[in-house]
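Trainee: Protein sequence lines, in the order shown, are assigned to chains A and B. Quick note: the first sequence, position 101, residue 101 per my numbering, numbers continuous. Quick note: the second sequence, position 125, residue 1125 per my numbering, numbers continuous. Take this structure, written in structure tokens, and hold onto it; I'll ask about it next.
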Amino acid sequence: MTEALISIHNLSKTYRRGNQPVPVLLGIDLQIAQGDYVSLMGPSGSGKSTLLNLIAGIDKPSGGTLLIGGVDIAALEEDELAAWRAGNVGFVFQFYNLMPVLDAFENVELPLLLTHLSKAERREHVEMALAMVGLPDRMDHRPNELSGGQQQRVAIARALVTDPTLIVADEPTGDLDRKSADDVLDLLDRLNRELGKTIVMVTHDPRCAARARTRIHLEKGVLLSRGAEH
Amino acid sequence: MKKGLSLSYVARNLVARKLTTILTAAGMALVVFVFATVLMMAEGLRHTLGGTGSYNNVVVIRQGSQTEVQSTLTREQARLIETLPGLATGAHGEPRISREMLVLVNLPRKNSTSLANVIVRGTTPTGLEMRPQARIVQGRAFRAGSSEIVVGSGMARGSFGLRVGDRIAFGLRQWNVVGVFDAGGSGFDSEIWGDGEQLMQAFRRQAYSSLIVGLRDSGSFEALAEAVARQPQLKVDIKRETQFYADQSENLANFIGVLGKTITIVFSIGAIIGAMITMYASVANRTREIGTLRALGFRRGNIVWAFLQEAMLLGLAAGLSGLVAAAFMQLVEISTTNLQTFSEVVFSLILTPQIALDVLLFSVFMGVLGGALPAFRASRLEIVDALRSV
Ligand SMILES: Nc1ncnc2c1ncn2[C@@H]1O[C@H](COP(=O)(O)OP(=O)(O)OP(=O)(O)O)[C@@H](O)[C@H]1O
Ligand SMILES: [Mg+2]
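If you want it as structure tokens, here you go:
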């Protein structure tokens, strides 16, 4: 196993509902290696999304440590954390979350607006990313002119255009038919194998989970088992 | 290079909500229209009265009277004034002075039962010479010693519609309209002019209302003013003719301005609330989008700025439409009573670049006020909460 990209120790998360504390994650210990492809499974409400959000730096832990690439992201200031996400994390959402007023090209370009790249450089990156997901001819289509599967591929292009080390996906096939889901999973395979991206994917579907190198099960906020590596 | 969301993204979100955007902008545009119209009215009035008369003419009226109509000057006072220094002289060495008599006459407005107080000015051949800007554009000038009158172009248009050949009764006589004069849109265009002596007879007046005195050169005013000050028994006030009329526009222009701004502020509260509701809806509809942008690395500041820009753009669009509508108001001529002189004044609305700029800034500012709270709210959302919204 190569060196750990994600190093989690005794991580906990408690939400508050009114005055009532709602413990969701109870002391998670987890190492994820650079270049790994991890699936996170478990019943509804077990805390999968919560764990993924902590790893992705869009939520703050209540306790424990969370190092990503050696960075203690929980200690970062809000704007530092935003910059860290922009540079290190690619997001794939269940409902694609594309901007409806922007076409495919502009949606993919969005994260690059936070970089110092010139317009020409941005164009080059966007075209490469869209070619990678097999949609080079759909650049000027708005999301509502694309099928669900195509939209998710645009979203994946958006996630990889900044060349992040880590890609997080929360039920990326949850809203897709079988064929489109397979296309998306094939794409994630390639990102992992060819580009060496570390992927953490939450899923309900065992068929999806089977694609991952490592399978993790969460139950009531506790890590159950670690599946064997392929 | 600026890092953040593009203006085109901001603009397209406005366009995407076509109907809401149009309705909100229409409400704001209405306020802008009212505001612009009021400013244009005040400007038009200032332009009309401020552009009346000549810099080298001096109006002499009785001390303490605000207008020519209120003033009376005796023949004795008139003779004394002729002896003062600094006066221009005519071909035979006589001072250039026009002894004038003004009365307010009730004339009916067309298509209405209301009466207006119109200034009838009894003047002299010298008086006409001293107002070269008033040119006969129809018919001819009145003949001295006759019951003939000429009417200003404002009286010939619009609410009064006097024409050459009309006969008007006032001062127990019939007066024949023999000509129309145009004084370049100045206050004189709202007057009726006739022979001074004839009018004094008709109205049984012994005294003049005012004296119009020509200055030898534009610098002679101070000398004249000093001479008047040294003879307190004269009991007259003097002003340059241009200043005299400009001062008459101030009260009404200010009144229109204050009234207009009050109405505008009250209306604008409604428009701002409208903009706020629209922007809150925009934030609510795009909660997940905001969460996504934040996850991708856009900062709270980027979000606030995007929504503020959206509101400002809304204000700008409203401002431009309101302004275009207001520009058409330049075709409108207003005939109303100048509260300061109780006499009718006819003027057009004028749109200046300054007014256009002020009104656009105001409209953008309405947008900012309406957009500030929603923009702030949008940026306050927690990312995970925003992403969970449907
Ligand atoms: N912001 C929050 N405030 C309060 N409770 C929350 C919040 N977010 C999540 N929870 C609760 O935490 C628990 C875990 O939520 P989480 O979304 O991580 O579950 P999940 O495993 O992803 O479930 P699913 O498979 O349904 O997506 C749930 O009981 C949820 O109600
Ligand atoms: Mg979930």
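Heads up, the beta-carbon is just placed ideally off N, CA and C, and yes, glycines get one too.
Assuming the contact rule is C-beta atoms closer than 8 Å, leucine 51/A and leucine 40/A should be a hit. Round their C-beta distance to whole Å, please.
Mentor: Correct: roughly 7 Å between the Cβ atoms.
Trainee: On a Cα-Cα basis, can you pick out the residue from Ser1321/B, Gly1297/B, Val1359/B and Ile1334/B that is closest to aspartate 79/A?
Mentor: That would be Gly1297/B, whose Cα lies nearest to the Cα of aspartate 79/A.
Trainee: Just to confirm, does valine 202/A get its C-beta within under 7 Å of one of the non-hydrogen atoms of ligand 2?
Mentor: Yes; taking the cut-off as 7 Å, the Cβ of valine 202/A has a heavy atom of ligand 2 nearer than that.
Trainee: Within the present structure, is the beta-carbon of threonine 1292/B separated from the nearest heavy atom of ligand 1 by less than 7 Å?
Mentor: Not under cutoff, so the answer is no.
Trainee: Since lysine 1018/B meets chain A, which of its residues come closer than 8 Å, beta carbon to beta carbon?
Mentor: Simply none; closest approach about 12 Å.
Trainee: List the residues of chain A whose Cβ lies closer than 8 Å to the Cβ of arginine 1380/B, in chain order.
Mentor: The contacting residues do not exist; arginine 1380/B stays about 12 Å from chain A at best.
Trainee: Whose C-alpha, out of Gly1158/B, Thr1352/B and Thr1052/B, is nearest the C-alpha of serine 1335/B?
Mentor: The option with the nearest alpha carbon to serine 1335/B is Gly1158/B.
Trainee: I believe threonine 1069/B touches leucine 1224/B by the beta-carbon criterion, under 8 Å. Please report the beta-carbon distance rounded to the nearest angstrom.
Mentor: The displayed chain sequence assigns valine, not threonine, to residue 1069/B. That pair is no contact at about 23 Å.
Trainee: So glutamine 151/A and leucine 98/A are in contact, right, with Cβ under 8 Å, and what is the actual spacing, rounded?
Mentor: Going by Cβ atoms, the distance from glutamine 151/A to leucine 98/A rounds to 6 Å, so yes, they are a contact pair.
Trainee: Since I believe threonine 1048/B is in contact with glycine 1185/B (beta carbons under 8 Å), could you give me their beta-carbon distance rounded to a whole number of angstroms?
Mentor: With 8 Å as the limit, glycine 1185/B and threonine 1048/B qualify as a contact, their Cβ atoms being about 6 Å apart.
Trainee: Near leucine 1199/B, what residues of its chain come up, given a Cβ to Cβ distance below 6 Å and the 5 sequence neighbours on each side ignored?
Mentor: Correct list, in chain order: Met1101 and Gly1122.
Trainee: Closer than 7 Å to a non-hydrogen atom of ligand 1 - does that hold for the CB of lysine 48/A?
Mentor: Checking every heavy atom of ligand 1 against the Cβ of lysine 48/A, one is found closer than 7 Å.
Trainee: Note down, in chain order, every chain A residue with its Cβ under 8 Å from the Cβ of tyrosine 1009/B.
Mentor: Chain A residues near tyrosine 1009/B: Met99, Val101, Leu102 and Glu106.
Trainee: May I ask you to verify whether the region 1078–1093 of chain B touches the region 1102–1111 of chain B, counting CB pairs closer than 8 Å and requiring at least 3?
Mentor: No, because fewer than three Cβ pairs between the region 1078–1093 of chain B and the region 1102–1111 of chain B fall closer than 8 Å, the two stretches do not touch.
Trainee: Touch check for the region 1183–1197 of chain B and the region 1143–1150 of chain B: three-plus C-beta pairs under 8 Å?
Mentor: Verdict: yes, contact present.
Trainee: With a threshold of 8 Å between beta-carbons, can leucine 218/A be considered close to chain B, or not?
Mentor: Taking Cβ atoms only, chain B never reaches closer than 8 Å to leucine 218/A, which makes this a no.
Trainee: Output the distance between the C-alpha atoms of aspartate 177/A and glycine 149/A, rounded to the nearest integer angstrom.
Mentor: If you take the alpha carbons of aspartate 177/A and glycine 149/A, they lie about 8 Å apart.
Trainee: Buried or exposed: arginine 1230/B, going by 16 or more other Cβ atoms within 10 Å of its Cβ?
Mentor: Counting Cβ neighbours within 10 Å, arginine 1230/B comes out exposed, since fewer than 16 surround it.
Trainee: Between the beta-carbon of serine 62/A and the beta-carbon of lysine 220/A, is there less than 8 Å?
Mentor: Cβ distance not < 8 Å, so serine 62/A and lysine 220/A don't count as in contact.
Trainee: Just the chain D side, please: which residues come within less than 7 Å of aspartate 79/A by C-beta, in chain order?
Mentor: This model lacks chain D altogether, as its protein chains are A and B.
Trainee: Between the C-alpha atoms of isoleucine 32/A and proline 43/A, what's the straight-line distance to the nearest angstrom?
Mentor: Each residue's Cα considered, the two are about 21 Å apart.
Trainee: Under 8 Å, do isoleucine 8/A and isoleucine 1383/B count as touching if we go by C-beta distance?
Mentor: Cβ atoms of isoleucine 8/A and isoleucine 1383/B: not closer than 8 Å.
Trainee: Against asparagine 1013/B, what residues of chain A qualify as contacts under a CB-to-CB distance less than 8 Å, listed in chain order?
Mentor: Here the neighbours are Val101.
Trainee: Isoleucine 1272/B: which of Val1368/B, Leu1259/B and Gln1340/B sits nearest, CA to CA?
Mentor: Closest by alpha carbon: Val1368/B.
Trainee: Pull out every residue of the region 56–73 of chain A whose Cβ sits closer than 8 Å to any Cβ of chain B, in chain order.
Mentor: Of all residues in the region 56–73 of chain A, Ala56, Ile58 and Asp59 have a Cβ within less than 8 Å of some Cβ in chain B.
Trainee: Using a Cβ-Cβ distance under 8 Å, would serine 1006/B count as near chain A?
Mentor: For serine 1006/B, the answer is yes, since a Cβ of chain A falls inside 8 Å of its Cβ.
Trainee: Taking C-beta pairs closer than 8 Å, name the residues in chain A that leucine 1030/B reaches, listed in chain order.
Mentor: Residues of chain A passing the Cβ test: none, with the nearest at roughly 27 Å.
Trainee: Entirely within the region 17–103 of chain A and at least 3 residues each: give me those beta strand (DSSP E) ranges in chain order.
Mentor: For the region 17–103 of chain A, whole beta strand (DSSP E) runs of length 3 or above, ordered along the chain, are 20–33, 37–41, 63–68 and 89–92.
Trainee: Could you tell me the distance, in whole angstroms, from the CA atom of serine 1054/B to the CA atom of valine 1060/B?
Mentor: Each residue's Cα considered, the two are about 14 Å apart.
Trainee: Could you check the C-alpha separation between glycine 1370/B and glycine 1260/B for me, to the nearest Å?
Mentor: One C-alpha to the other measures close to 21 Å.
Trainee: Once the 5 residues before and after methionine 139/A are set aside, which same chain residues still bring their CB inside 7 Å of it?
Mentor: Excluding residues within five positions, the ones whose Cβ falls inside 7 Å are Asp103, Ala104, Phe105 and Leu130.
Trainee: Keeping to the same chain, check which residues put their C-beta closer than 7 Å to that of glutamate 171/A; ignore five residues upstream and five downstream.
Mentor: Closer than 7 Å at the Cβ level, and outside the excluded window around glutamate 171/A, lie Gln94, Val202, Thr203 and His204.
Trainee: If you follow the beta strand (DSSP E) that serine 1348/B is part of, which residue opens it and which one closes it?
Mentor: Where serine 1348/B is concerned, the enclosing beta strand (DSSP E) stretches over 1343–1348.
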